[in-house]
Every structure is written in structure tokens, then in C-alpha cells.
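Single-structure report; data block below.
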Amino acid sequence: MSEKKVHEDQKYVEGLLNNNSFIIQAIYDKFVPKVVNYIKQNSGDADQAQDIIQETIVTIYNQAKEKGLELTCPFDAYFFLLCKRKWLNALKKNKNKEVTINEEVLSKDDDAHELAFETELFDEKQALFNEMFQKLGKACKDLIKATFKINSMEEVAASLGVTYGYARKKKSLCIGQLTKLVQESPKFNQLNY
Amino acid sequence: MEDQDYILFDNYINNELSEDEISAFEERMDKDLVFANSFNLYLETTIFLQNSIRNEDETNDFKKNLETISKDYFSQDKVKSTTSVETKTKPFTLVKYLVAACIALLFGVFAFNQFGGEPSYSDFNSHEPMTIVRGNVKDLIQATKAFNNKEYEKANILLKNVLENDPDNSELQLYYAITNIELDNFKVADKELNKLINGASAYKDRALWYSALSRLKQKNIDATIVLLKQITEEADDYKEAQKLLDKLE
Chain A
167 MSEKKVHEDQ KYVEGLLNNN SFIIQAIYDK FVPKVVNYIK QNSGDADQAQ
217 DIIQETIVTI YNQAKEKGLE LTCPFDAYFF LLCKRKWLNA LKKNKNKEVT
267 INEEVLSKDD DAHELAFETE LFDEKQALFN EMFQKLGKAC KDLIKATFKI
317 NSMEEVAASL GVTYGYARKK KSLCIGQLTK LVQESPKFNQ LNY
Chain B
647 MEDQDYILFD NYINNELSED EISAFEERMD KDLVFANSFN LYLETTIFLQ
697 NSIRNEDETN DFKKNLETIS KDYFSQDKVK STTSVETKTK PFTLVKYLVA
747 ACIALLFGVF AFNQFGGEPS YSDFNSHEPM TIVRGNVKDL IQATKAFNNK
797 EYEKANILLK NVLENDPDNS ELQLYYAITN IELDNFKVAD KELNKLINGA
847 SAYKDRALWY SALSRLKQKN IDATIVLLKQ ITEEADDYKE AQKLLDKLE
């Protein structure tokens, strides 16, 4: 077991989890200028920075919500690294553009690197699951959504006008189909499975 | 995997198999790597669906709020027109000063709570997140989620249930004890921790640490110190224990 103590900046993560506008505003005021500056110095503009920052905050929120993210480093270092890597990935996708990378503001914080890596992995897995979920047929999607929204399979079956036995069996097969789609995706093997 | 495997996975996750079927399932998990990997992915997929669909409304509310704050922030001329943070001058208005003062005050309170005065239990209760172990999977997933979300009351009930079927699982005993400390059920917590301290499991040392934290929360400083001093250098929590000892002595 690790000895790492949760950093006091965990308050930002908790604030995001509670959808606390004060904290979100504080993140923008304190940490966003550095990211905007970095993106502008590396072939980007304010609009692109706005998107990257928003996506990064949603990723942090999701990870906190679903995996109980615990910060072991300053929020600043973690947040900056995530935004930076997201921006570099976006640049790589758009190869036609001439890119200048200014690496002066690199973080040297190991914990931040490790945490940012975990968050990225989480984000990529989520994206893969989401992408493959969209590929399922409508019947499967509807059944899965109803199953996890309603919680009682009897009610799910009734709402979809099918028998309980059919709904149960179909649910397993739909999730099975989703795992197959995920497994067959070329991205699957890149994600440390 | 065949259709019947997916049905089996689902029945296992929902705890709908007989004891014999569970034994056969777990035996196959140990022997058949492809089967085990498929099950793990099935479980991960289920957890993903559970989280993303159940939290959909809350996540959408969060995104809307974020969008508003983001738009507001980026609509300010300072972001559009400057290229460098260093060269930027912030046009502060009185209202902004007040907002900044409020935020500063808020953080001041946070900081004071965390570091001011005597050490307290809340300075040290950053628990190692629970990870799923084998056993009654359905309740365990719920318990893990509840514990990691700091919903200790819920985690406490679920862990108690799981422990009834698996009373010798020391990892579960430890997490059950932690939820009891969080809920101020000190008698139960201390009893569970004593069992671990006197046992031979891998959680012996950690139980000592939590036993000390329990006494700290009960403001029994002498007992806290006695317990902290028993934590050996090899223990994961040694550093933290020393830090707390320094503050207490």
C-alpha cells in the first residue's frame, strides 16, 4: 500500500464533484491563464485553449466521480500537464499545421506525471467504451440505458414490453456484445489491457 | 466467449448463482485465463455503464455550469487580446476585489482547518481507496463505490453484509473498521481492529495505525501515542505515524 497523502489541493477536486461554482471560478482564475499562455505560445489560440481546458476539467470530474480521484500533488501541476498533453495530442492529429513547441514550462513533479498518466488512461478507456456503446444497435442501447437507470429488471421488462427472462438474457448479451466491440478495437491493446 | 458465458458473468455479478456454481465459476477463473480476462472486461464494462448512465443527469448539470463559467471567462478581452500572462494587466473592479477576498477567506478557512492547531483525525483520514476483491461481487462493487465516494454509512452496511458471508476476510475487516471510525462507532471499530492486530494478516500494521487514529478521534491522546509507538519502521504508515507522534508529543 502507498504512503502518499492526499494533497490539500484536493479541495479543487471536491469542488468540481460538488459542482461548486466558486471553486470552478477559482480554477479559471488561478490555473487557466498559464494553460492559455502555453497553448498560445504553441500554435494555438484562445478558442482552442477554451475547448482543451473545458475537456480536461470534465475528464477530472469524471475520474473523481467514478474512480474517487485523490490528488497527491498540487492541482496546478496536474491540471497543466493534462491540458498540455491534450493539446499536444490535438496538434499531432492536425499534422498539416506547422508546430512550434515551447517546453520551458514543463512540470518536474513525478506525482503529477503519474496521476496525469492515470487520468489520461481513464479518459481513453471512457472514450473507447463510449465510442463502442454508440455502435450497439438501438434495441441494445435502449435496454442497457433502461437497466442502469431503473435498477429493477422487472420494471425494465415492463417498460419495454418484454418478459423478465428475455430482458435479463438480452441485457447480458448486449453487455457481452459491447465487450466484444471494445476487445476488437485496435485501441484496446494500447490501453494496457 | 459464448452467449452462455455472458449470462453466467451477469448472474455471478448479480449474485444469482448457487454455492456450487460459484465454486465452479471461481475455479474456472483461476484456471482459464481467457475466461478470467473476459469476465474482468465484462465487469469493467458493467461498472462503466452503471456509472455513466446513472450519473448522466448530474454530469450534464456540471457541464452546463462549467460551460457558463468558461464562456464568461473567455469572453473577457484580456484572454483574447494578450499573448502572455506576464504582460497582462488585470482590470480589477471593486466587485472582483470582493469576490477575490471571499475566495481567499474561503481558502483561509480550508487551510486553517487542515493545518491549524492540534492534529486531528481529519488530518489523517485520507484512506487508501478500496479495490474489489473476490467474494460477493455485487455488494462489494457497491461497497467499494460507496467507500471511495466517502459514503461511509452506506459502505458500512454493505461491508457488514459481505463480512457475514466472509467473516475471515481481513481486508474487508479493515475497511469495515474504517467506516466505523468515520461513523464514530468506536467500540465496533476498535474491536475489529484488535482482531486484526492480534492476528497474522497482511493488515496487522495498518490496523495498528487505524487503531491509533480511532483513539485520536476519541481524543484519547495517551492511547494514541502508545499505539503509534508500536508501529514498526517496516510498516507502510510509519512515516505518517512519526509525523503524528511529533505533533502529539
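Quick mapping for you: the protein sequence lines, in order, are chains A and B.
Numbering-wise, the first sequence is residues 167 to 359 according to this note's numbering.
Numbering-wise, the second sequence is residues 647 to 895 according to this note's numbering.
We put the CB at the ideal spot given by N, CA and C, even for glycine.
Grab the span of the alpha helix (DSSP H) containing residue i for me, first residue to last.
i	result
Glu-799 (chain B)	798-811
Glu-180 (chain A)	176-183
Ala-282 (chain A)	276-301
Ile-205 (chain A)	187-207
Asp-329 (chain A)	Sequence check: residue 329 (chain A) is Thr here, not Asp. Counting along the chain, Thr-329 (chain A) falls outside any alpha helix (DSSP H), and DSSP gives it neither H nor E.
Gln-864 (chain B)	Counting along the chain, Gln-864 (chain B) falls outside any alpha helix (DSSP H), and DSSP gives it neither H nor E.
Thr-825 (chain B)	816-828
Lys-171 (chain A)	Element bounds for Lys-171 (chain A): n/a, residue is neither H nor E.
Ser-716 (chain B)	702-721
Asp-651 (chain B)	649-659
Ser-669 (chain B)	665-677
Gln-888 (chain B)	884-894
Ile-316 (chain A)	304-316
Ala-212 (chain A)	212-233
Pro-352 (chain A)	352-356
At a cut-off of 8 Å, would you count residue i as near the ligand NAP, judging by its Cβ distance to the nearest heavy atom?
i	result
Glu-673 (chain B)	The ligand NAP is absent from the structure shown, which contains no ligand whatsoever.
Please report the distance separating the alpha-carbon of residue i from that of residue j.
i	j	result
Gln-896 (chain B)	Glu-321 (chain A)	Chain B is shown only over 647 to 895; residue 896 (chain B) falls outside these bounds and no answer can be derived.
Ile-693 (chain B)	Lys-233 (chain A)	10 Å
Ser-698 (chain B)	Lys-231 (chain A)	10 Å
Thr-733 (chain B)	Asn-184 (chain A)	Confidence is the limiting factor: at Thr-733 (chain B) the pLDDT is only 37, short of 50, which leaves the residue's position unreliable, though a coordinate-based value still follows. Rounded to the nearest angstrom, the two C-alpha atoms are 34 Å apart.
Ser-716 (chain B)	Leu-874 (chain B)	47 Å
Asn-355 (chain A)	Gln-349 (chain A)	8 Å
Leu-297 (chain A)	Thr-714 (chain B)	A quick correction: the sequence has Glu, not Leu, at residue 297 (chain A). Going by the C-alpha atoms only, they are around 27 Å apart.
Thr-313 (chain A)	Asp-211 (chain A)	43 Å
Ser-351 (chain A)	Glu-284 (chain A)	21 Å
Tyr-821 (chain B)	Gln-229 (chain A)	22 Å
Leu-357 (chain A)	Glu-290 (chain A)	8 Å
Asn-711 (chain B)	Glu-817 (chain B)	39 Å
Lys-800 (chain B)	Gln-214 (chain A)	42 Å
Glu-236 (chain A)	Gln-176 (chain A)	7 Å
Gln-300 (chain A)	Lys-307 (chain A)	8 Å
Lys-200 (chain A)	Phe-246 (chain A)	8 Å
Phe-756 (chain B)	Ser-860 (chain B)	Because Phe-756 (chain B) sits at a pLDDT of 44, beneath the cut-off of 50, its placement in the model cannot be relied upon, and the following sentence gives the value as read from the coordinates. If you take the alpha carbons of Phe-756 (chain B) and Ser-860 (chain B), they lie about 23 Å apart.
Gly-342 (chain A)	Tyr-688 (chain B)	7 Å
Asp-785 (chain B)	Ser-684 (chain B)	21 Å
Lys-791 (chain B)	Leu-804 (chain B)	11 Å
Tyr-798 (chain B)	Met-776 (chain B)	12 Å
Asn-807 (chain B)	Leu-663 (chain B)	17 Å
Ile-749 (chain B)	Tyr-178 (chain A)	For Ile-749 (chain B), the predicted structure reports a pLDDT of 48, less than 50, and the residue's modelled location is therefore unreliable. A value from the coordinates is still provided. Taking the straight line from one Cα to the other gives about 12 Å.
Leu-272 (chain A)	Gln-207 (chain A)	Legend: pLDDT at Leu-272 (chain A) = 48, less than 50; position of this residue unreliable, value from coordinates given subsequently. Distance between the alpha carbons of Leu-272 (chain A) and Gln-207 (chain A): 13 Å.
Ile-205 (chain A)	Asn-260 (chain A)	15 Å
Phe-197 (chain A)	Asn-831 (chain B)	41 Å
Closer than 7 Å by beta-carbon distance: list the chain B residues that pair up with residue i, in chain order.
i	result
Ile-185 (chain A)	The residue you asked about is not Ile; residue 185 (chain A) is Asn in the sequence shown. Simply Asp-707, Phe-708, Asn-711.
Leu-344 (chain A)	Thr-691
Gly-234 (chain A)	Pro-775, Asn-794, Asn-795
Ala-333 (chain A)	Within 7 Å Cβ-Cβ: nothing; Ala-333 (chain A) doesn't reach chain B, min ~11 Å.
Gln-349 (chain A)	Leu-687
Could you check whether residue j and residue i sit closer than 9 Å to each other, using their CB atoms as the reference points?
i	j	result
Asp-814 (chain B)	Asp-851 (chain B)	no
Glu-180 (chain A)	Ile-189 (chain A)	yes
Asn-802 (chain B)	Asn-840 (chain B)	no
Thr-705 (chain B)	Phe-295 (chain A)	no
Ala-282 (chain A)	Leu-248 (chain A)	yes
Asp-651 (chain B)	Arg-334 (chain A)	no
Lys-336 (chain A)	Ala-305 (chain A)	yes
Phe-898 (chain B)	Met-647 (chain B)	No answer is possible for residue 898 (chain B): the residues shown for chain B start at 647 and end at 895.
Ile-877 (chain B)	Glu-895 (chain B)	no
Asp-195 (chain A)	Tyr-719 (chain B)	yes
Leu-344 (chain A)	Leu-287 (chain A)	no
Glu-764 (chain B)	Lys-893 (chain B)	yes
Leu-842 (chain B)	Ala-823 (chain B)	yes
Ala-858 (chain B)	Ala-869 (chain B)	yes
Phe-770 (chain B)	Leu-862 (chain B)	yes
Can you name the residues of chain A whose CB is closer than 8 Å to the CB of residue i?
i	result
Ile-715 (chain B)	Ser-187, Ile-190, Gln-191, Tyr-194
Tyr-856 (chain B)	Residues of chain A passing the Cβ test: none, with the nearest at roughly 12 Å.
Asp-892 (chain B)	None at all; the shortest Cβ gap to chain A is about 15 Å.
Asp-656 (chain B)	Arg-334, Lys-337, Ser-338, Ile-341
Going along chain B in order, which residues have a C-beta closer than 8 Å to the C-beta of residue i?
i	result
Phe-314 (chain A)	Leu-695, Gln-696, Ile-699, Arg-700
Gln-220 (chain A)	Leu-712, Glu-713, Ser-716
Ile-310 (chain A)	Leu-695, Ile-699
Val-198 (chain A)	Tyr-719
Quick one: list the residues of chain A neighbouring residue i, beta-carbon separation under 9 Å, in chain order.
i	result
Met-647 (chain B)	Gly-342, Thr-345, Lys-346
Leu-663 (chain B)	Result: empty, since nearest Cβ-Cβ is about 13 Å, beyond 9 Å.
Give the residues of chain A in contact with residue i, contact being defined as C-beta atoms less than 7 Å apart.
i	result
Ile-653 (chain B)	Lys-335, Ser-338
Phe-720 (chain B)	Ala-212, Gln-216
Ser-772 (chain B)	Lys-171, Val-172, Glu-236
Mind pulling the chain B residues with CB within less than 9 Å of residue i?
i	result
Val-224 (chain A)	Thr-705, Phe-708, Lys-709, Leu-712
Phe-288 (chain A)	Result: empty, since nearest Cβ-Cβ is about 10 Å, beyond 9 Å.
- Task: Closer than 8 Å, Cβ to Cβ, to anything on chain A: give me those residues from the region 810-826 of chain B, in chain order.
- Result: none
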